[in-house]
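Take a look at the structure set out below.
2 protein chains.
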Amino acid sequence: MFELLQKKIGAQVRLSEAEVDLCNSMFGQRSIRKRQYLLQEGEVCRYQYFVSRGILRSYTTDDKGAEHILQFASEGWWMADLYSFFTGEASLYNMEAIEDAEVLMISRDNWDRLLQELPKLEHYFRVLLQNHLVATQRRLLVSLSEPAEQRYLRFMDAYPDCLQRVPQHMIAAYLGITKESLSRLRSRMSRKD
Amino acid sequence: MFELLQKKIGAQVRLSEAEVDLCNSMFGQRSIRKRQYLLQEGEVCRYQYFVSRGILRSYTTDDKGAEHILQFASEGWWMADLYSFFTGEASLYNMEAIEDAEVLMISRDNWDRLLQELPKLEHYFRVLLQNHLVATQRRLLVSLSEPAEQRYLRFMDAYPDCLQRVPQHMIAAYLGITKESLSRLRSRMSRKD
DNA sequence: CGGTCTCTTGACGGAGTTCAAAGCTAGTGG
DNA sequence: CCACTAGCTTTGAACTCCGTCAAGAGACCG
Numbered sequence: 001m002f003e004l005l006q007k008k009i010g011a012q013v014r015l016s017e018a019e020v021d022l023c024n025s026m027f028g029q030r031s032i033r034k035r036q037y038l039l040q041e042g043e044v045c046r047y048q049y050f051v052s053r054g055i056l057r058s059y060t061t062d063d064k065g066a067e068h069i070l071q072f073a074s075e076g077w078w079m080a081d082l083y084s085f086f087t088g089e090a091s092l093y094n095m096e097a098i099e100d101a102e103v104l105m106i107s108r109d110n111w112d113r114l115l116q117e118l119p120k121l122e123h124y125f126r127v128l129l130q131n132h133l134v135a136t137q138r139r140l141l142v143s144l145s146e147p148a149e150q151r152y153l154r155f156m157d158a159y160p161d162c163l164q165r166v167p168q169h170m171i172a173a174y175l176g177i178t179k180e181s182l183s184r185l186r187s188r189m190s191r192k193d
Numbered sequence: 001m002f003e004l005l006q007k008k009i010g011a012q013v014r015l016s017e018a019e020v021d022l023c024n025s026m027f028g029q030r031s032i033r034k035r036q037y038l039l040q041e042g043e044v045c046r047y048q049y050f051v052s053r054g055i056l057r058s059y060t061t062d063d064k065g066a067e068h069i070l071q072f073a074s075e076g077w078w079m080a081d082l083y084s085f086f087t088g089e090a091s092l093y094n095m096e097a098i099e100d101a102e103v104l105m106i107s108r109d110n111w112d113r114l115l116q117e118l119p120k121l122e123h124y125f126r127v128l129l130q131n132h133l134v135a136t137q138r139r140l141l142v143s144l145s146e147p148a149e150q151r152y153l154r155f156m157d158a159y160p161d162c163l164q165r166v167p168q169h170m171i172a173a174y175l176g177i178t179k180e181s182l183s184r185l186r187s188r189m190s191r192k193d
C-alpha cells in the first residue's frame, strides 16, 4: 500500500524509519470502483490523492456538454484540485475512476501537520510541482502549435500504458478533439504504414 | 530594486533583516533593452529571473516559423525555463524583452546555496509553483474548450495591463491564433457593442 | 524621408466539428 | 447459453472556424 508512495518520496528526500511511519500515518486509504467519483464539480477538494492501483482522470464539462480531460493518473501519480484544496473554494473539476482503483489520501489538516513535522517534505512537493508545471507548459504549447495527429503521436509516446487502459473517446478529450476526429485520424495513419 | 522581491517573499515567509540581506546578496541585476534576449533556444537557462521593471515574454518557434507565447512577465513575475535550469539541458524557449526592462537574477549555484541557508524559502517557491501550475492548467483547459473570442475576453480580464503594453500579434500568439484572426475577431466584437 | 514594425482586409482552402446512423464488444440477467 | 442493452468505435455528408497567402495602410524611429 505505502511502498510506492515511500519509493517516490525516497527519490527526493531521505527519511528515517520513524519519519516514514509518521508520514504514512497521515494518510487514509480508499477503494473506488470503475466509473465512481472521487470528486464532483462544485464540491470542495478535501484531499490530495495518490494512486496506488488503477487509473483515474480529472476533467471538466463545458457549456455544450463536451468533456475535457486535464489529467490521467495511474499508479504513482498524484491527483487533486490544488486551488480548491488550499482555498476551500468549489472545484471546477470532476475526478473519476477509469478502472477499479485504490488511493492514499491526505486531508488539508494532516497535510499542514505533515509539513510542519517534516519540513523536508516541502522539498519533495516542490520538485513534484516543478515537474508537473514543466510538463503542463509543454502540453500547452504543443496543443497550441501542433496538429492533432502529432499530438496523438506524442501522447502515445509519453503515455503508452494509457493507450491500453483508457477508452479512445477519453484520449480524444485529452487531446482536445472529438472522438470522431480521433477515429478518422487513426484510420488515416494506419492506411499510411 | 529589491523591494518588490522582498514584498513578494514577505507575503509567504517571515525573514529577519539579516536573512533579507543574505537573500538579496544572492541575486545579480541586469538591464535589458527592448527586443534583446535573456535566453535563446538551444542555450542553457543559467538563471531564474525576477522582473523588477518592464515586461518580458517567453516563446517557442514551430517548424513553420510561427511563434507561440508561453508567458508574459511584467513587474513582480518570475521567468525561467525550469527544466533547463535544473537539468542543464538546452532550452526550447526564447526569452525576450518587450519593453526596456530590469531583472534580478539568481544562478543555479546561488539558488542551491540560498535554499540551503534559508530552507524556509522552499515554502515560498512551492507556493509560487503551485499558483503557476493552477493557472497553467486553467489556461490549458480554456484553450481546449473555448473559442478564440472567449479566450480573448478572458485574457483582457486577467491581464488588463498587458493589453496596453504588448502588441496585438503577440497576444494572438499567446491565445493560439494568428494575428489576422485576432484582428478580425476584434472588429467583429466592436461592431456588436 | 525610407525602413521596419504593426494592424487590417479580402479570397480561398483545409483541418476539425456537427449531426446522424450503424456496427462492434462486453457485461448482465433470464 | 442466448438475448439484450449500454458503452464504444466507425463512417458519411454538410458545414464552420480559422489558417494561409497576398496586398495595402498607418505609425514610429533612425
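So the protein lines, in turn, are chains A and B.
So in full-length UniProt numbering, spot 30 of the first sequence is number 30, and the numbers just go up one at a time.
So in full-length UniProt numbering, spot 190 of the second sequence is number 190, and the numbers just go up one at a time.
Glycine included, each C-beta is placed from N, C-alpha and C at the ideal position.
- Among the CB atoms of chain B, none fall inside 7 Å of the CB of L22(A).
- Distance between H68(A) and G176(A), taken at the CA atoms: about 7 Å.
- Considered as a whole, the segment 26–114 of chain A harbours 82–87 as its complete alpha helix (DSSP H) runs of no fewer than 4 residues, in chain order.
- Within chain A, the residues placing a beta-carbon under 8 Å from that of R126(B) are E122, F125, R126, L129, ordered along the chain.
- The DSSP-derived three-state label of G10(A) is helix.
- Assignment of F2(B) by DSSP, reduced to helix, strand and coil, places it in the coil class.
- Contact of V134(A) with chain B is assigned, a C-beta pair being separated by under 7 Å.
- Taking the C-beta atoms as reference points, R33(B) is found no nearer than 7 Å to E102(B).
- The beta carbon of Q137(B) sits closer than 7 Å to some beta carbon of chain A.
- The beta-carbon separation of E122(A) and H123(B), rounded to 6 Å, stays under the 8 Å limit for a contact.
- By the neighbour-count definition (other C-beta atoms within 10 Å, threshold 16), A173(B) is a buried residue.
- The distance from the Cβ of T61(B) to that of L140(A) is about 16 Å, inconsistent with a contact at the 8 Å cut-off.
- With distances taken between CA atoms, V44(A) lies nearest to N94(A) out of R30(A), N94(A), V166(A), G10(A).
- Taking C-beta separations shorter than 7 Å and ignoring five residues to either side along the sequence, the partners of R151(B) in its chain run V142, S143, L175, following chain order.
- About 7 Å separates the CB atoms of E149(A) and M189(A); that is less than 8 Å, so the two are in contact.
- A direct Cα-Cα distance of roughly 9 Å separates A90(B) from Q40(B).
- Among the residues facing chain B, G10(A) is not included, as its CB has no counterpart in that chain under 7 Å away.
- Distance from the Cα of D63(A) is smallest, within the candidate group F125(A), W78(A), L92(A), G28(A), for L92(A).
- Interface annotation, H68(A): in contact with chain B, CB-CB separation under 7 Å.
- Here S58(A) is buried, its C-beta having at least 16 other C-beta atoms within 10 Å.
- The three-state reading of DSSP puts L121(A) in helix, counting H, G and I together.
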